[in-house]
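Participant: This is the structure I want to talk about, given as structure tokens.
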Amino acid sequence: MKNLAGLMKQASQMQSRMEEVQANLAALSVEGSAGAGLVSVTLGGKNDLRAVKIDPKLLDPNEVEMLQDLLIAAFADAREKVDAAAAEEMRKATGGLDLPAGLKLPF
Numbered sequence: 002m003k004n005l006a007g008l009m010k011q012a013s014q015m016q017s018r019m020e021e022v023q024a025n026l027a028a029l030s031v032e033g034s035a036g037a038g039l040v041s042v043t044l045g046g047k048n049d050l051r052a053v054k055i056d057p058k059l060l061d062p063n064e065v066e067m068l069q070d071l072l073i074a075a076f077a078d079a080r081e082k083v084d085a086a087a088a089e090e091m092r093k094a095t096g097g098l099d100l101p102a103g104l105k106l107p108f
């Protein structure tokens, strides 16, 4: 029974750390950019789009496709940064424990 009590305590601690990770990610704000900063997007820690900034020089009706490509690239840049920050938060929460590939805690 001593091992079970210890296991339950560890599970409780892990749950607390996961809640902390979720709170940290909810507060996270990351900017990604493309086109040498002409387009930028801001994402929250759960890949929620919070802001889009477009340099007025890009607002040419003949260049719509380029603007669309830059928006996609800026979003991808920001998402990559969010994923890296989330992985770091998980590493902290799990004490460096390698979780199986594809296991996406706490989401």
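The opening position of the sequence shown corresponds to residue 2 in this note's numbering, with each subsequent residue numbered one higher. C-beta: ideal position from N, C-alpha, C; glycine also. No experiment lies behind these values; they were computed from the predicted model shown.
Can you tell me which of the three DSSP states Leu-50 falls into?
Facilitator: strand
Participant: Can you check the segment 10-56 for any beta strand (DSSP E) of at least 3 residues that lies completely inside it and give the ranges in chain order?
Facilitator: 30-35, 40-45, 50-55
Participant: Give a yes or no on whether the C-beta atoms belonging to Phe-76 and Gly-7 are separated by under 8 Å.
Facilitator: no
Participant: Cβ atoms of Leu-39 and Leu-59: under 8 Å apart, would you say?
Facilitator: Yes. Within cutoff.
Participant: Give me, in chain order, the residues of the same chain whose beta-carbon lies closer than 7 Å to that of Ala-87; leave out the 5 immediate sequence neighbours on both sides.
Facilitator: Leu-26, Gly-46
Participant: Should Ala-94 be labelled buried (16 or more other beta-carbon atoms within 10 Å of its own) or exposed?
Facilitator: It is buried - the Cβ of Ala-94 has at least 16 other Cβ atoms within 10 Å.
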